[in-house]
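Before any comments, here is the structure.
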Amino acid sequence: HNVIFITSLPRSGSTLVEQILASHSMVDGAGELPDLPMTLTEESNRRAKPYPIWAREMQPENWRRLGNRYLQRTTHWHERRPVFADKLPANWYYIGAIRAMLPAAKIICCRRDPLETCFSCYRQHLDNNEYARTFTDLAAYWRDFDRSVNHWHSLHPAHVHQHVYEELIAEPENSIRTLLEFCGLPFEEGCLRFHENKRGVSTPSAMQVRQPLRADTARAQRYGALLDPLRTALELSPFAG
């Protein structure tokens, strides 16, 4: 099944990764699709139990049924190009389900420096993300993400890839080549010129992906010791000046 899931915390470069992949001739960027969580919700309603309580009851054929249901819901996207990217960030909650439902799917977990990630979430005032209201909640949420993606990557490194934003900024071509190789895609120069792609983008990062990569996106250092409460919550050293 030629599906790539792009997962992340908000403000971690997932829109940029989708833009890079969607600049490949074989990939369609589908944006933030609701279909995976809705497929799981349908099963929760059928079983009258919330996910993941019912996961332990599932047999391989049950997971295949859910995988087929997801593909049915997303037919529009896998008829357009050979591969499509589903970029709903919170799908990292469901990596285990994805592996059972669609064992050939590729899962990209976008990572960024934890201080920059959490501070950017705090500044952005993201809708429906209550964890972004306090530094303590942000740090706890980041640790949950960190533990989860490390766990699944350790179990399935051929199918779960950790893409690091800072590595992309430092060495764009190497990072993009690694990303394409993980996805089983041949390298195309167009992926280096992702900012020339005029496809529609509807996330807060829409303007950034229309521009070449910039090395000056880090903001936390400018705030110095004012962010020490967030550093403490993340178990990082205080600002050194």
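Using the working numbering, the first residue of the sequence shown is number 38, and each one after it goes up by one.
Cβ atoms here follow ideal geometry from the backbone N, Cα and C, with glycine treated the same way.
Asked                                                                                                                    : Found
Exposed unless 16 or more other CB atoms sit within 10 angstroms - verdict on P71                                        : exposed
Beta-carbon separation (whole angstroms), L216 vs H190, contact threshold 8 Å                                            : In fact, because the Cβ distance is near 14 Å, the residues do not count as touching under 8 Å.
Bridge partners - C146, DSSP secondary structure assignment                                                              : T44, Q199
Three-state secondary structure (DSSP) of G50                                                                            : coil
Bounding residues of the alpha helix (DSSP H) (the contiguous stretch that carries D123)                                 : It is not in any alpha helix (DSSP H) - D123 instead sits in the beta strand (DSSP E) that spans 120-123.
Residues that G66 bridges to, as DSSP identifies them                                                                    : A122
Minimum C-alpha distance to H193 - residue among L205, R160, A141, A59                                                   : A141
Cut-off 8 Å between Cβ atoms - residues of its own chain near L229, not counting five sequence neighbours on either side : P209, E210, I213
Beta-carbon proximity check, L152 vs L267, cutoff 9 Å                                                                    : yes
Opening and closing residue of the alpha helix (DSSP H) in which R110 lies                                               : 97-110
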